[in-house]
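The working numbering runs 41 ahead of the 1-based position in the sequence shown.
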Amino acid sequence: MSKILEPIDDLLEQHELTHGNLCPGSLLAVRMVVLGCALVGIEDPRVADRNKLVVWVEIDRWLADAVESVTGARLGKRTLKFLDYGKLAATFLNVDTGKAVRVVALESSRGLADRRHPEIADKYERQMRTYREAAEEELFEITDVEVQVREKDLPGHPRSRVICAKCGEGVSDGREIKLPDRITLCRPCVYGSYYQPRPSSFKRVWNERAETVSVSIQ
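Structure, rendered in C-alpha coordinates:
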(Lines of atoms letter the chains of each structure in order from A; the text may use other names.)
(Lines give C-alpha, C1' and ligand atoms only; values in the text may rest on other atoms or scores of the structure.)
Protein backbone atom coordinates (compact mmCIF):
# COMPACT_ATOMS: atom_id res chain seq x y z
CA MET A 42 0.00 0.00 0.00
CA SER A 43 1.37 3.45 -0.90
CA LYS A 44 2.50 5.45 2.11
CA ILE A 45 0.65 8.45 0.68
CA LEU A 46 -2.62 6.53 0.70
CA GLU A 47 -3.00 6.33 4.45
CA PRO A 48 -6.57 6.31 5.74
CA ILE A 49 -8.01 9.75 5.15
CA ASP A 50 -8.72 10.22 8.86
CA ASP A 51 -5.01 9.79 9.65
CA LEU A 52 -4.08 12.38 7.05
CA LEU A 53 -6.72 14.77 8.37
CA GLU A 54 -5.38 14.34 11.89
CA GLN A 55 -1.88 15.23 10.68
CA HIS A 56 -3.29 18.23 8.83
CA GLU A 57 -5.16 19.45 11.90
CA LEU A 58 -1.94 19.37 13.91
CA THR A 59 -0.22 21.46 11.24
CA HIS A 60 -3.05 23.85 10.40
CA GLY A 61 -4.60 24.21 13.86
CA ASN A 62 -8.17 23.26 13.00
CA LEU A 63 -10.20 21.13 10.61
CA CYS A 64 -12.78 22.35 8.11
CA PRO A 65 -14.34 21.15 4.83
CA GLY A 66 -11.65 23.03 2.94
CA SER A 67 -9.06 20.98 4.79
CA LEU A 68 -10.63 17.74 3.60
CA LEU A 69 -10.79 19.03 0.04
CA ALA A 70 -7.15 20.13 0.22
CA VAL A 71 -5.93 16.82 1.62
CA ARG A 72 -7.73 14.92 -1.12
CA MET A 73 -6.18 17.23 -3.71
CA VAL A 74 -2.67 16.52 -2.39
CA VAL A 75 -3.24 12.76 -2.35
CA LEU A 76 -4.53 12.91 -5.91
CA GLY A 77 -1.70 15.11 -7.17
CA CYS A 78 0.97 12.84 -5.71
CA ALA A 79 -0.64 9.73 -7.16
CA LEU A 80 -0.89 11.28 -10.63
CA VAL A 81 2.85 11.99 -10.80
CA GLY A 82 3.90 8.64 -9.35
CA ILE A 83 4.86 9.76 -5.84
CA GLU A 84 4.04 6.99 -3.38
CA ASP A 85 6.16 7.80 -0.32
CA PRO A 86 6.76 11.56 -0.23
CA ARG A 87 8.07 11.64 3.31
CA VAL A 88 10.77 8.99 2.95
CA ALA A 89 11.61 7.16 -0.28
CA ASP A 90 10.35 9.90 -2.62
CA ARG A 91 11.16 12.92 -0.46
CA ASN A 92 13.71 14.30 -2.96
CA LYS A 93 11.51 13.69 -6.00
CA LEU A 94 8.51 15.91 -5.29
CA VAL A 95 8.20 19.68 -5.74
CA VAL A 96 4.81 21.36 -5.26
CA TRP A 97 3.65 24.86 -6.24
CA VAL A 98 0.66 26.12 -4.24
CA GLU A 99 -1.38 29.07 -5.50
CA ILE A 100 -2.95 30.20 -2.23
CA ASP A 101 -1.72 30.81 1.32
CA ARG A 102 -4.52 28.97 3.09
CA TRP A 103 -5.28 25.37 4.12
CA LEU A 104 -3.91 23.92 0.88
CA ALA A 105 -0.38 25.03 1.73
CA ASP A 106 -0.62 23.34 5.13
CA ALA A 107 -2.16 20.23 3.56
CA VAL A 108 0.84 19.90 1.24
CA GLU A 109 3.17 20.19 4.23
CA SER A 110 1.29 17.76 6.46
CA VAL A 111 0.68 15.08 3.84
CA THR A 112 3.96 15.19 1.90
CA GLY A 113 6.50 16.81 4.20
CA ALA A 114 7.30 19.41 1.52
CA ARG A 115 8.53 22.68 3.05
CA LEU A 116 9.42 26.16 1.91
CA GLY A 117 12.68 25.80 3.80
CA LYS A 118 13.47 22.62 1.91
CA ARG A 119 12.64 24.32 -1.40
CA THR A 120 10.21 21.50 -2.17
CA LEU A 121 7.21 23.78 -1.59
CA LYS A 122 6.84 26.89 -3.77
CA PHE A 123 4.28 29.64 -3.18
CA LEU A 124 2.56 31.66 -5.91
CA ASP A 125 0.15 34.32 -4.64
CA TYR A 126 -2.69 33.72 -7.13
CA GLY A 127 -5.49 33.28 -4.60
CA LYS A 128 -6.60 30.02 -6.24
CA LEU A 129 -7.26 26.67 -4.57
CA ALA A 130 -4.84 24.95 -6.91
CA ALA A 131 -1.46 23.25 -6.87
CA THR A 132 1.00 21.81 -9.35
CA PHE A 133 2.85 18.61 -8.51
CA LEU A 134 6.16 17.75 -10.17
CA ASN A 135 8.07 14.48 -10.07
CA VAL A 136 11.61 15.77 -10.52
CA ASP A 137 12.94 12.36 -11.57
CA THR A 138 10.46 11.77 -14.39
CA GLY A 139 9.47 15.33 -15.27
CA LYS A 140 5.80 14.37 -14.94
CA ALA A 141 3.72 17.31 -13.70
CA VAL A 142 0.02 17.96 -13.17
CA ARG A 143 -1.97 20.97 -12.00
CA VAL A 144 -5.00 20.21 -9.84
CA VAL A 145 -7.61 22.88 -9.11
CA ALA A 146 -10.77 22.65 -7.02
CA LEU A 147 -13.85 23.06 -9.20
CA GLU A 148 -16.10 26.00 -8.40
CA SER A 149 -19.02 23.61 -8.77
CA SER A 150 -17.75 21.63 -5.78
CA ARG A 151 -19.00 24.43 -3.52
CA GLY A 152 -22.62 23.79 -4.44
CA LEU A 153 -22.23 20.03 -4.70
CA ALA A 154 -22.92 19.49 -1.01
CA ASP A 155 -26.20 21.40 -1.18
CA ARG A 156 -27.38 19.35 -4.14
CA ARG A 157 -26.14 16.04 -2.81
CA HIS A 158 -27.27 16.21 0.82
CA PRO A 159 -30.09 18.76 1.21
CA GLU A 160 -31.38 16.66 4.11
CA ILE A 161 -28.36 17.64 6.26
CA ALA A 162 -29.14 20.98 7.87
CA ASP A 163 -25.66 21.77 9.14
CA LYS A 164 -23.48 23.23 6.38
CA TYR A 165 -20.25 21.94 7.92
CA GLU A 166 -21.51 18.36 8.15
CA ARG A 167 -23.04 18.59 4.67
CA GLN A 168 -19.74 19.63 3.12
CA MET A 169 -17.64 17.17 5.12
CA ARG A 170 -19.87 14.27 4.04
CA THR A 171 -19.78 15.36 0.41
CA TYR A 172 -16.04 15.95 0.22
CA ARG A 173 -15.44 12.48 1.65
CA GLU A 174 -17.66 10.56 -0.74
CA ALA A 175 -17.59 12.58 -3.98
CA ALA A 176 -15.63 11.25 -6.93
CA GLU A 177 -12.41 13.05 -7.85
CA GLU A 178 -13.89 14.30 -11.12
CA GLU A 179 -16.70 15.98 -9.16
CA LEU A 180 -14.22 17.95 -7.08
CA PHE A 181 -11.18 18.65 -9.21
CA GLU A 182 -9.97 19.61 -12.66
CA ILE A 183 -6.67 18.01 -13.68
CA THR A 184 -4.31 19.33 -16.35
CA ASP A 185 -1.06 17.78 -17.54
CA VAL A 186 1.51 20.57 -17.56
CA GLU A 187 5.18 21.26 -18.12
CA VAL A 188 7.20 23.08 -15.49
CA GLN A 189 10.64 24.46 -16.28
CA VAL A 190 12.70 24.53 -13.10
CA ARG A 191 16.03 26.31 -13.00
CA GLU A 192 18.93 24.57 -11.33
CA LYS A 193 19.04 27.39 -8.78
CA ASP A 194 15.41 26.71 -7.81
CA LEU A 195 15.88 23.03 -6.98
CA PRO A 196 16.22 21.63 -3.44
CA GLY A 197 19.71 21.27 -2.03
CA HIS A 198 22.56 23.52 -0.98
CA PRO A 199 22.62 27.16 -2.18
CA ARG A 200 24.02 27.33 -5.70
CA SER A 201 25.37 30.86 -5.41
CA ARG A 202 25.71 33.81 -3.05
CA VAL A 203 26.57 37.42 -3.84
CA ILE A 204 26.57 40.71 -1.94
CA CYS A 205 24.33 43.59 -2.99
CA ALA A 206 26.50 46.57 -3.92
CA LYS A 207 23.98 49.02 -2.43
CA CYS A 208 22.68 47.59 0.86
CA GLY A 209 25.50 45.13 1.54
CA GLU A 210 23.17 42.21 2.25
CA GLY A 211 23.75 38.69 0.93
CA VAL A 212 21.61 37.28 -1.88
CA SER A 213 21.41 33.53 -2.57
CA ASP A 214 20.45 31.33 -5.51
CA GLY A 215 20.53 33.80 -8.38
CA ARG A 216 17.95 36.23 -7.03
CA GLU A 217 20.24 39.20 -7.67
CA ILE A 218 19.93 41.70 -10.53
CA LYS A 219 23.02 42.29 -12.65
CA LEU A 220 23.03 45.75 -14.19
CA PRO A 221 24.70 46.54 -17.54
CA ASP A 222 27.60 48.24 -15.74
CA ARG A 223 28.31 44.93 -13.93
CA ILE A 224 26.99 46.21 -10.63
CA THR A 225 25.03 43.53 -8.73
CA LEU A 226 22.01 44.60 -6.69
CA CYS A 227 19.31 42.80 -4.73
CA ARG A 228 15.74 42.98 -5.98
CA PRO A 229 14.49 45.34 -3.24
CA CYS A 230 17.22 47.83 -4.11
CA VAL A 231 16.16 47.71 -7.76
CA TYR A 232 12.37 47.42 -7.55
CA GLY A 233 11.57 48.56 -4.01
CA SER A 234 10.72 46.54 -0.92
CA TYR A 235 7.52 45.44 0.81
CA TYR A 236 8.61 47.43 3.89
CA GLN A 237 9.81 50.99 4.51
CA PRO A 238 12.01 52.07 7.44
CA ARG A 239 10.24 54.37 9.86
CA PRO A 240 11.34 58.01 9.92
CA SER A 241 14.14 58.53 12.45
CA SER A 242 14.38 54.76 12.93
CA PHE A 243 17.42 52.89 14.19
CA LYS A 244 19.26 49.82 13.01
CA ARG A 245 20.64 47.46 15.63
CA VAL A 246 24.23 46.36 15.09
CA TRP A 247 26.89 44.70 17.26
CA ASN A 248 30.06 46.37 18.46
CA GLU A 249 33.36 44.59 19.18
CA ARG A 250 32.24 43.82 22.74
CA ALA A 251 29.13 42.01 21.46
CA GLU A 252 26.88 44.73 22.81
CA THR A 253 23.84 46.01 20.95
CA VAL A 254 24.34 49.48 19.50
CA SER A 255 21.58 51.54 17.84
CA VAL A 256 22.64 53.40 14.72
CA SER A 257 20.40 56.01 13.12
CA ILE A 258 19.44 55.24 9.51
CA GLN A 259 17.78 58.58 8.75
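Where is the CB? At the ideal position from N, CA and C, for every residue including glycine. Predicted model only: the values in this text are computed from it and were never measured.
Residue nearest to residue i in terms of C-alpha spacing, selected from the options
i           : options            : result
residue 59  : 119, 215, 106, 166 : 106
residue 192 : 179, 171, 214, 54  : 214
residue 260 : 168, 118, 183, 89  : Here the chain has residues from 42 to 259 only, and residue 260 is not among them.
residue 177 : 68, 57, 91, 50     : 68
residue 86  : 110, 101, 167      : 110
residue 71  : 92, 112, 101, 148  : 112
residue 151 : 116, 167, 209      : 167
residue 82  : 53, 209, 126, 139  : 139
residue 196 : 52, 116, 163       : 116
CA-to-CA distance, residue j to residue i, given in whole angstroms
i           : j           : result
residue 134 : residue 154 : 31 Å
residue 269 : residue 233 : Lying outside 42 to 259, the shown extent of the chain, residue 269 is not represented and no answer is given.
residue 61  : residue 55  : 10 Å
residue 94  : residue 129 : 19 Å
residue 80  : residue 156 : 28 Å
residue 97  : residue 137 : 16 Å
residue 240 : residue 211 : 25 Å
residue 158 : residue 165 : 12 Å
residue 49  : residue 84  : 15 Å
residue 235 : residue 220 : 22 Å
residue 201 : residue 91  : 23 Å
residue 104 : residue 63  : 12 Å
residue 216 : residue 88  : 30 Å
residue 223 : residue 102 : 40 Å
residue 43  : residue 127 : Because residue 43 carries a pLDDT of 48, less than 50, the predicted location of this residue cannot be relied on, and the following value inherits that uncertainty. Rounded to the nearest angstrom, the two C-alpha atoms are 31 Å apart.
residue 57  : residue 194 : 29 Å
residue 52  : residue 209 : 44 Å
residue 162 : residue 148 : 21 Å
Presumed contact (8 Å Cβ cut-off) between residue i and residue j, rounded CB distance
i           : j           : result
residue 124 : residue 99  : 5 Å
residue 121 : residue 146 : Not really, about 18 Å apart at Cβ, beyond 8 Å.
residue 131 : residue 77  : 6 Å
residue 74  : residue 108 : 6 Å
residue 169 : residue 65  : 5 Å
residue 183 : residue 231 : No, residue 183 and residue 231 are not in contact; Cβ-Cβ is about 38 Å, not under 8 Å.
How about the segment 223 to 230 and the segment 197 to 213: do they share at least three Cβ pairs that are nearer than 8 Å? The answer is yes - the segment 197 to 213 touches the segment 223 to 230, with three or more Cβ pairs under 8 Å.
Three Cβ pairs or more, each shorter than 8 Å: is that satisfied between the segment 164 to 175 and the segment 186 to 200? As far as the Cβ criterion goes, the segment 164 to 175 does not touch the segment 186 to 200, which means the pair count is below three.
Can you check the segment 97 to 127 for any alpha helix (DSSP H) of at least 4 residues that lies completely inside it and give the ranges in chain order? Counting only runs of 4+ residues, the alpha helix (DSSP H) found wholly inside the segment 97 to 127 occupies 103 to 112, in chain order.
Which full runs of the alpha helix (DSSP H) of 4+ residues lie inside the segment 47 to 80, going along the chain? Correct list: 49 to 60, 65 to 80.
Return the chain-ordered ranges of every beta strand (DSSP E) run that is complete within the segment 170 to 218 and spans a minimum of 3 residues. Counting only runs of 3 or more, we get 181 to 185, 202 to 204, 211 to 213.
Sequence ranges, alpha helix (DSSP H) only - wholly within the segment 124 to 171, length at least 4: Runs found: 150 to 157.
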